[in-house]
Structure formats: structure tokens, C-alpha cells
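First the structure, in the form of C-alpha cells, and then the observations on it.
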Amino acid sequence: MQLDLPRLSIVEDVSGVRFLTDPALESACGVSIGFTERAGGLSAPPYGSLNLGRFAGEGEDAALANIHRLMDAVGAADMVLINPKQVHGTHIVTASDDAPDAIASVQREAEAGADGVVASVPDVLALLCFADCVPLIMVAPTGDFAVAHSGWRGTHGRIASKALASLASAVVRGGAYGSTQEAAASCNTYIGPYIHQECFQVGEDTRSLFIEEFGESVVDASGNVDLGAAIRADLLTAGVSEDRIADAGLCTVCNVGRFFSYRAEDGTCGRHGAFAFRRRG
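Counting from 177, one number per residue, gives the positions in the sequence shown under the numbering used here.
Listed below in C-alpha cells is the structure:
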């Protein structure tokens, strides 16, 4: 059981919703993924237009209208939504039972604060939101998946490898692999648009934390931190091969016309999203 190597390409719905995805996944394991752009929504500036962030400042009702628009566009209108209140930590919730009470419990846990979702059940759409932090999606050949929010604190806290470990454990519980190491090595990882090193100036304290955790290679001569390099180092240490990591290669600050950027927009902006789901059957 093996997935094709990960690749990202752009899809645009008739409604104008645009997102980066790997079309091969759906036929291989039933999972659909995406990193949304800011176009195709209902919000006015400065949140224009597909603002998915319920806590971004525009208000929850406006963001939910855009979330429902996205779910319609990707064919997931009938699915249960897990959309955590993100707290820049490393807590990950797991949906492993599709009974209504069990899913409701996961939703409550996510609302209390989480930065990752692992799902082993169908008809659940996990959505996390971003405006410079790193979006991560991981998919196993079994159709289990993880979506995670990796800000600088989460990256330093190794949320990438923690999400991978949680996903691998879910896969092993399903009986497809005999070890978490084998399961982890089989997964594809997708890195969405985020603030790249050339735009990510940090203070000396943050710089020192990253050097201590990941080494000098994640900091450039000017002292900027490379979040993507830190995440790749984390994943490689966890047993992921380089060719199973696909990076969109897009900086949110440099591409603020396509993606939201907290830094480029002086802290007043919407949020784009990373989503994944698997349809039943």
C-alpha cells in the first residue's frame, strides 16, 4: 500500500474558490485536501474575500458563511466540521469514532483549544486557519489524515512530528501497519503557503530557541528563521523521506494578493485555510 509522491496544483471552483490540492489522493485513498487562497468569498476588505477565520476580527457569522461556501465548493457540504480554536500550541485532537456523541466530544475539545486534528473516520472535514503560520496536511495510504497549524511556537515545539506520530498511531490501530515507524514513513506531507525566511525577522530570543532546537542551518546570515527548514528537519528526524514532503513554495508576505498575511497587512486581515476530508464509501 503506497501513495504516489505528493504534488500540489491549483483548482478553481465555478464559484471562484481557489485552492492548492493533490488530485491523485482522492482516487488513491479517498482523501481530498486543500490550501485555500483568499479569492472566491463573501467578505469585504480588509477581510476580502474568503476569510475562514472565526476569530480573525470580522466576526464568526461572516467566517462561517465563507466556510460553508468552501464546503459547498469542495463537495463537503454535508460533512461534520472540526475547526479548532487555535492557541499556538501543540495539542492535537483525534477523531477515531464516527458516532455522533464521539464526534461532538472531539468538537468540544477542539473548541477549547487545539492546533491539530487527526481523523480516522469519514465524512469529517478538518479545517485550520492561517495568515503567515505554516499549514500542514499529512495523509496515510489508509485514508487517515492530519491537519496542523505550525506557528513559530508550534514549529519549535515540533508539532509536525507530533501530528505525524498521532497519525501513525491511528493507522497502526486500524491494523494496516505493524509499527508506527512503518506507518509514518508511508505518509505524504504537504506544506502550504507561509511566511518565508526572507520575510520572517525575529528577535534574538526566538532565534536562539531555533538554533538550540534545530541547529544553525535554520537561521540565515541576517538572523531570519526558516520555519519550513525547521519543519522538514523535524519530519526527517521522525522518519519521513524528503520526497514525501511537498512544499507549495509560496510566501504569504510576498503573495499577499493571493493569501492573507498578518505581517503584510499590519495585523488586520482574514485567514486562509488548510482542509482535509474523506468521504464514506
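Where is the CB? At the ideal position from N, CA and C, for every residue including glycine.
- Comparing alpha-carbon positions, the option among T365, E380, R447 and R439 lying closest to D423 turns out to be T365.
- Judged by beta-carbon spacing, D308 lies within the 7 angstroms limit of R439, meaning their Cβ atoms are closer than that value.
- Each residue's CA atom was taken as its position, placing T382 and S203 some 42 angstroms apart.
- In terms of Cα proximity to V429, the closest of V310, L226, C375 and R230 is C375.
- Fully contained in the region 284-342 are the following alpha helix (DSSP H) runs of length 4 or more, in chain order: 328-332.
- Within the same chain, Cβ atoms closer than 8 angstroms to the Cβ of G333 are found at G265 and T266, the five residues on either side in sequence being excluded.
- Between D419 and L412, the alpha-carbon positions lie close to 10 angstroms from each other.
- Residue environment for Q262: buried (at least 16 other C-beta atoms within 10 angstroms of its C-beta).
- Per DSSP, the unbroken beta strand (DSSP E) holding H448 starts and ends at H448 to R454.
- Beta-bridge analysis with DSSP links D423 to I367.
- M177 counts as exposed, since fewer than 16 other beta carbons sit within 10 angstroms of its beta carbon.
- Cβ-Cβ distances below 7 angstroms link G425 to nothing in the same chain once the five nearest sequence neighbours on each side are left out.
- For G289, the CB contacts under 6 angstroms within the same chain, skipping 5 residues up- and downstream, are K261 and V263 in chain order.
- E374 sits in a helix when the DSSP states are folded into three classes.
- Contact fails between the region 284-298 and the region 213-227, because fewer than three Cβ pairs, one in each stretch, are under 8 angstroms apart.
- V207 and Q373 have their C-alpha atoms roughly 31 angstroms apart.
- Under DSSP, the beta-bridge partners assigned to F211 are L196 and A450.
- Among the bridge pairs identified by DSSP, A352 is matched with none.
- S362 sits close to P317, with the two beta carbons spaced by under 7 angstroms.
- In this structure, the alpha-carbon of V348 lies about 21 angstroms from that of A275.
- Here L257 carries a strand assignment [DSSP, helix/strand/coil].
- The C-beta distance from V323 to F195 rounds to 13 angstroms, too long to fall under 8 angstroms, and the pair is not in contact.
- A271 sits in a strand when the DSSP states are folded into three classes.
- DSSP lists R194 as the beta-bridge partner residues of E188.
- The Cβ-Cβ distance between L201 and V315 falls below 7 angstroms.
- Inter-residue distance for G229 and R408 is about 26 angstroms (C-alpha atoms, whole angstroms).
- Boundaries of the alpha helix (DSSP H) around M247: E236 to A249.
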